[in-house]
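Below you'll find the structure, written out as structure tokens, and then a few comments.
Number of protein chains: 4
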Amino acid sequence: MYKFLQGICNTRGASSVTILPVTSPHTLDVRRLPTISYFTKQMMQTSTLSTDLNAETAAAMLDAAIQKSMEVGVKMNIAIVDAGANLKAFHRMDGAWLGSIDIACKKAKTARFFDMPTGSIGDISQPGGPLYNIEHSNGGLISFPGGLPLINDQGTVIGAIGVSGSTVEDDHVVAQAGVDAVTAVCT
Amino acid sequence: MYKFLQGICNTRGASSVTILPVTSPHTLDVRRLPTISYFTKQMMQTSTLSTDLNAETAAAMLDAAIQKSMEVGVKMNIAIVDAGANLKAFHRMDGAWLGSIDIACKKAKTARFFDMPTGSIGDISQPGGPLYNIEHSNGGLISFPGGLPLINDQGTVIGAIGVSGSTVEDDHVVAQAGVDAVTAVCT
Amino acid sequence: MYKFLQGICNTRGASSVTILPVTSPHTLDVRRLPTISYFTKQMMQTSTLSTDLNAETAAAMLDAAIQKSMEVGVKMNIAIVDAGANLKAFHRMDGAWLGSIDIACKKAKTARFFDMPTGSIGDISQPGGPLYNIEHSNGGLISFPGGLPLINDQGTVIGAIGVSGSTVEDDHVVAQAGVDAVTAVCT
Amino acid sequence: MYKFLQGICNTRGASSVTILPVTSPHTLDVRRLPTISYFTKQMMQTSTLSTDLNAETAAAMLDAAIQKSMEVGVKMNIAIVDAGANLKAFHRMDGAWLGSIDIACKKAKTARFFDMPTGSIGDISQPGGPLYNIEHSNGGLISFPGGLPLINDQGTVIGAIGVSGSTVEDDHVVAQAGVDAVTAVCT
Numbered sequence: 018m019y020k021f022l023q024g025i026c027n028t029r030g031a032s033s034v035t036i037l038p039v040t041s042p043h044t045l046d047v048r049r050l051p052t053i054s055y056f057t058k059q060m061m062q063t064s065t066l067s068t069d070l071n072a073e074t075a076a077a078m079l080d081a082a083i084q085k086s087m088e089v090g091v092k093m094n095i096a097i098v099d100a101g102a103n104l105k106a107f108h109r110m111d112g113a114w115l116g117s118i119d120i121a122c123k124k125a126k127t128a129r130f131f132d133m134p135t136g137s138i139g140d141i142s143q144p145g146g147p148l149y150n151i152e153h154s155n156g157g158l159i160s161f162p163g164g165l166p167l168i169n170d171q172g173t174v175i176g177a178i179g180v181s182g183s184t185v186e187d188d189h190v191v192a193q194a195g196v197d198a199v200t201a202v203c204t
Numbered sequence: 018m019y020k021f022l023q024g025i026c027n028t029r030g031a032s033s034v035t036i037l038p039v040t041s042p043h044t045l046d047v048r049r050l051p052t053i054s055y056f057t058k059q060m061m062q063t064s065t066l067s068t069d070l071n072a073e074t075a076a077a078m079l080d081a082a083i084q085k086s087m088e089v090g091v092k093m094n095i096a097i098v099d100a101g102a103n104l105k106a107f108h109r110m111d112g113a114w115l116g117s118i119d120i121a122c123k124k125a126k127t128a129r130f131f132d133m134p135t136g137s138i139g140d141i142s143q144p145g146g147p148l149y150n151i152e153h154s155n156g157g158l159i160s161f162p163g164g165l166p167l168i169n170d171q172g173t174v175i176g177a178i179g180v181s182g183s184t185v186e187d188d189h190v191v192a193q194a195g196v197d198a199v200t201a202v203c204t
Numbered sequence: 018m019y020k021f022l023q024g025i026c027n028t029r030g031a032s033s034v035t036i037l038p039v040t041s042p043h044t045l046d047v048r049r050l051p052t053i054s055y056f057t058k059q060m061m062q063t064s065t066l067s068t069d070l071n072a073e074t075a076a077a078m079l080d081a082a083i084q085k086s087m088e089v090g091v092k093m094n095i096a097i098v099d100a101g102a103n104l105k106a107f108h109r110m111d112g113a114w115l116g117s118i119d120i121a122c123k124k125a126k127t128a129r130f131f132d133m134p135t136g137s138i139g140d141i142s143q144p145g146g147p148l149y150n151i152e153h154s155n156g157g158l159i160s161f162p163g164g165l166p167l168i169n170d171q172g173t174v175i176g177a178i179g180v181s182g183s184t185v186e187d188d189h190v191v192a193q194a195g196v197d198a199v200t201a202v203c204t
Numbered sequence: 018m019y020k021f022l023q024g025i026c027n028t029r030g031a032s033s034v035t036i037l038p039v040t041s042p043h044t045l046d047v048r049r050l051p052t053i054s055y056f057t058k059q060m061m062q063t064s065t066l067s068t069d070l071n072a073e074t075a076a077a078m079l080d081a082a083i084q085k086s087m088e089v090g091v092k093m094n095i096a097i098v099d100a101g102a103n104l105k106a107f108h109r110m111d112g113a114w115l116g117s118i119d120i121a122c123k124k125a126k127t128a129r130f131f132d133m134p135t136g137s138i139g140d141i142s143q144p145g146g147p148l149y150n151i152e153h154s155n156g157g158l159i160s161f162p163g164g165l166p167l168i169n170d171q172g173t174v175i176g177a178i179g180v181s182g183s184t185v186e187d188d189h190v191v192a193q194a195g196v197d198a199v200t201a202v203c204t
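Chains as they are written, first to last, in our numbering: chain X, 18 to 204; chain H, 18 to 204; chain L, 18 to 204; chain S, 18 to 204.
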């Protein structure tokens, strides 16, 4: 678990799931940066994940995924969909593959369509596998890693993130960072 | 011209086009807000619009469009495409129409496809007009207002914004705010 | 308001919105009829419309729409979508137009996409209108009457119904019957 | 064969195929449940499978498939198509995968397109097989189990069922339950 989540978890207890403000150690003067100003401070501090992903959650996921991409040194396309698998937010980092726009979107949708990591589908859609060629459904699925569902503290899937732009391992790591930024289960 | 752009224009000269940080008077402590932290202070201060729209420009446009939407009191889908008409950034405000996801994207693409405001295409695509039913091309165009090209100081189109979620008048106003935030022509 | 809703409204007060069992005066022995047996009696009596349309609501809407179709003497395709505009239930009456399968689905989606009756969109998508040719978006919209959003007692759109198979007037009447069956606002 | 079909088979003879009312042992008072009231008692008792699947057959298949899903403990999308491979009825159980809407529909269509179980196509569409990548046709086929044709007592295919929402084994079992509910071949 991320170190900076510790304090919040300690005070809120094991079952809480909280939207966490994502801050970068490298940011010196964020007052000069573009911000999505309709997210109020109050929203960030008190919101918990409800039955649908909202704008602040999507922005926090995007931000965390971009930060992780910078740490890893990759250029990513990142897509966020809501509980209905409809696009909520998207960002393509400078220099990221154009072909990954659609893949990121399809990964996010695929993860929500089946409420599981996209790579889990790929495991069983291989030749000879039980779901061979499932990718032909839904206008095109992506069944390799990089898509992850977002699950609230009730176990309900409320959206998903899809990342594409590097190896599937990198894509997965960045997607996971997006999910981790908004879900913190203390143990 | 926006008042807060004045100082920069005065010091940099009439022909400069500068990426401007967009700040909200209502924001008290933006350090708690999600920010896209890979935009450095240096990038924000020195960049001029080049031959392709970059991430910071897209974010600044998104942010300005969201702020304008809040001022007007509307819930918008906002899409930004680059010089290649490929999706660069997207945001759907909470409660905005689901059907406007696609329309915002199509408006942005249409504006870049033809380097003009989407409404200008609609003027000549009416029954009897010279471009009647041009909307059938390119997988579907949107030819009513809400899409605007982004033009750099050399007169080159480097991307576009598409906004959908209210009347076409509101959509246009919000798209214009997105463009204005990153282009400042001093006179 | 339907007469058989009166009792429930009187006891629950003006603001209540309740899922109502739809029964036909012509049904003598429904034990012989196919029923969707995972709807329990308890669910039917106590549920109120939540933030997403569920199976029992969808079935009640389908049933009411079919009954209304029989009263009017028309053969309909009826589609129900949920809050995410995803198909929840569908029924094509015997002899109903094959071409209306897609139209019913698109009407339901269109009504949810823009949270309004489909006919309202058609009013402003005519040649010369502000939304001319909006039908080219979202893989094809239907902008004439027969699609209606379903709104819960909080004013949130939680799904929609689309009906196609006769005149647009008939389509609308049948769609309205579907909505009325599950929403009762006493005045 | 299901036990409750026995009596009918015994009295009607081996070659008859009868639409059977599907009842649940758990249902206490079905008069409170939503019913598709245009199915009359007479229709249910005397109909035999004709050359096209009708509404009552589709509803009986849906109902049986839903009951079987509940027994197995899975959440399914169930689609029924007619002799023309056109959608006749659809139901998504609460909590069933969104991605399975399209898969259920495509399984039903695939089963009718080739008048065989969908899994049989998958056997020969593998790499090196005679129908390799047939899934690219018809706007996307699904070639793993869960789709079954419905055959009348003359051996004519009159429709199909497609089920998706769990393992392919579960999908198949539920689809088979849908078929069994309306076809009874006594031996």
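Here a beta-carbon is modelled for each residue, glycine too, at the ideal position from N, C-alpha and C.
Original post:
Could one say the Cβ of THR184 of chain H lies closer than 8 Å to chain L's Cβ atoms, at least one of them?
Top reply: yes
Subject >> Contacting residues, own chain, Cβ-Cβ under 7 Å from PHE161 of chain X (five flanking each side not counted) >> reply: THR135, GLY136, GLY139, VAL185
**OP:** Measure how close the beta-carbons of SER86 of chain L and VAL191 of chain L come, nearest whole angstrom, since I'm counting them as under 8 Å.
**Re:** Contact holds; Cβ gap of about 5 Å.
Original post:
Listed from N- to C-terminal order along the chain, which residues in the stretch 165-180 of chain S have their beta-carbon within a distance smaller than 9 Å of any beta-carbon of chain X?
Top reply: The residues in question: there are none.
**OP:** Express the C-alpha separation of THR127 of chain L and VAL2 of chain L in angstroms, rounding to a whole number.
**Re:** No answer is possible for residue 2 of chain L: it lies beyond the span of chain L, which begins at 18 and ends at 204.
Original post:
Going by Cα to Cα distance, which pick from S:GLY112, S:TRP114, S:LYS123, S:ILE83 is closest to ILE165 of chain S?
Top reply: Note that residue 165 of chain S is Leu in the sequence shown here, rather than Ile. Nearest option by C-alpha distance: S:LYS123.
**OP:** Spell out a yes or no on whether the stretch 142-156 of chain X and the stretch 92-100 of chain X are touching, meaning 3 or more CB-CB pairs, one atom from each, closer than 8 Å.
**Re:** no
Original post:
Does ALA102 of chain L have its Cβ less than 8 Å from a Cβ in chain X?
Top reply: yes
Original post:
For the stretch 130-189 of chain H, which segments carrying the beta strand (DSSP E) assignment without a break, of at least 3 residues, lie completely within its bounds, in sequence order?
Top reply: Note on the stretch 130-189 of chain H: whole beta strand (DSSP E) runs with a minimum of 3 residues are 164-168, 174-181, in chain order.
Original post:
Is MET110 of chain L near MET93 of chain L, with beta carbons less than 8 Å apart?
Top reply: yes
Subject >> For ASP69 of chain H, the nearest candidate out of H:ASP187, H:GLN193, H:GLY172, H:SER183 (CA to CA) >> reply: H:GLY172
Subject >> Within chain S, partners of GLY249 of chain X - CB distance below 9 Å >> reply: Lying before the first or after the last residue shown, residue 249 of chain X is absent from chain X, which here runs from 18 to 204.
**OP:** Would you decide whether PRO51 of chain X is buried or exposed? Buried here means 16 or more other CB atoms lie within 10 Å of its CB.
**Re:** Because the pLDDT of PRO51 of chain X is 37, which lies under 50, any placement of that residue in the model is unreliable, and the question is left without a value.
Original post:
Do GLY195 of chain S and ALA121 of chain S come within 8 Å of each other at the CB atom, strictly closer than that value?
Top reply: Remark: C-beta atoms of ALA121 of chain S and GLY195 of chain S do not approach each other more closely than 8 Å.
Subject >> Among X:VAL199, X:GLN84, X:VAL89, nearest to LEU167 of chain X - alpha-carbon criterion >> reply: X:VAL199
**OP:** Kindly indicate if chain L contains any beta-carbon less than 8 Å away from that of ARG109 of chain S.
**Re:** True, the Cβ-Cβ gap to chain L drops below 8 Å.
Subject >> Under 7 Å from the C-beta of LYS123 of chain H: neighbouring residues of chain L >> reply: SER154
Subject >> DSSP bridge partner residues for LEU104 of chain X (one or two, in chain order) >> reply: X:VAL98
Original post:
Do we get a CB-CB distance below 8 Å when we pair ILE118 of chain H with the residues of chain X?
Top reply: Closer than 8 Å: yes.
Subject >> Given ASP197 of chain H as reference, the closest of H:ALA72, H:ALA177, H:ASP132 once Cα atoms are compared >> reply: The closest CA to that of ASP197 of chain H, considering only H:ALA72, H:ALA177, H:ASP132, is found on H:ALA177.
Original post:
Counting contacts by CB-CB distance shorter than 8 Å, is SER64 of chain L in contact with chain X?
Top reply: Because SER64 of chain L carries a pLDDT of 43, less than 50, the predicted location of this residue cannot be relied on, and no value is offered for it.
Original post:
Among X:GLY112, X:ALA72, X:ASN71, which has the Cα closest to the Cα of LYS71 of chain H?
Top reply: In the sequence as presented, Lys is not what sits at residue 71 of chain H; that position holds Asn. Checked all of X:GLY112, X:ALA72, X:ASN71; the closest Cα to ASN71 of chain H is X:GLY112.
Original post:
Whose Cβ in chain X lies nearer than 7 Å to the Cβ of LYS105 of chain H?
Top reply: ARG109
Original post:
Would you report the Cα separation of GLY182 of chain H and ASP188 of chain H, rounded to the nearest angstrom?
Top reply: 7 Å
Subject >> GLY163 of chain H to ARG129 of chain H span [Cα, whole Å] >> reply: 12 Å
**OP:** Starting from ALA72 of chain S, find everything on chain L with Cβ-Cβ shorter than 8 Å and list it in chain order.
**Re:** When 8 Å is used as the limit between beta carbons, ALA72 of chain S is near these residues of chain L: HIS108, ARG109, MET110, ASP111, in chain order.
**OP:** Would you mind stating whether ASN103 of chain L and LEU115 of chain S have Cβ atoms separated by less than 8 Å?
**Re:** yes
Original post:
What does THR135 of chain L reach in chain H if we use C-beta pairs closer than 7 Å?
Top reply: The contact set of THR135 of chain L on chain H, defined by CB atoms closer than 7 Å, is empty, because the minimum CB distance reaches about 11 Å.
**OP:** Under 8 Å between beta-carbons, which chain L residues line up against THR68 of chain X? List them in chain order, please.
**Re:** THR68, ASP69
**OP:** Would you mind reading off the limits of the alpha helix (DSSP H) that contains MET87 of chain H?
**Re:** MET87 of chain H -> alpha helix (DSSP H) spans 72-89.
**OP:** Tell me whether ASP119 of chain S is buried or exposed, calling it buried when 16 or more other Cβ atoms sit within 10 Å of its Cβ.
**Re:** buried
Original post:
So with Cβ pairs under 8 Å, would you call LEU115 of chain L a contact of chain S?
Top reply: yes
Original post:
In chain order, what residues of the same chain have a beta carbon less than 7 Å from the beta carbon of ALA125 of chain L, not counting five sequence neighbours either side?
Top reply: ALA96, ILE97, VAL98, GLY164, ALA177, ILE178, GLY179
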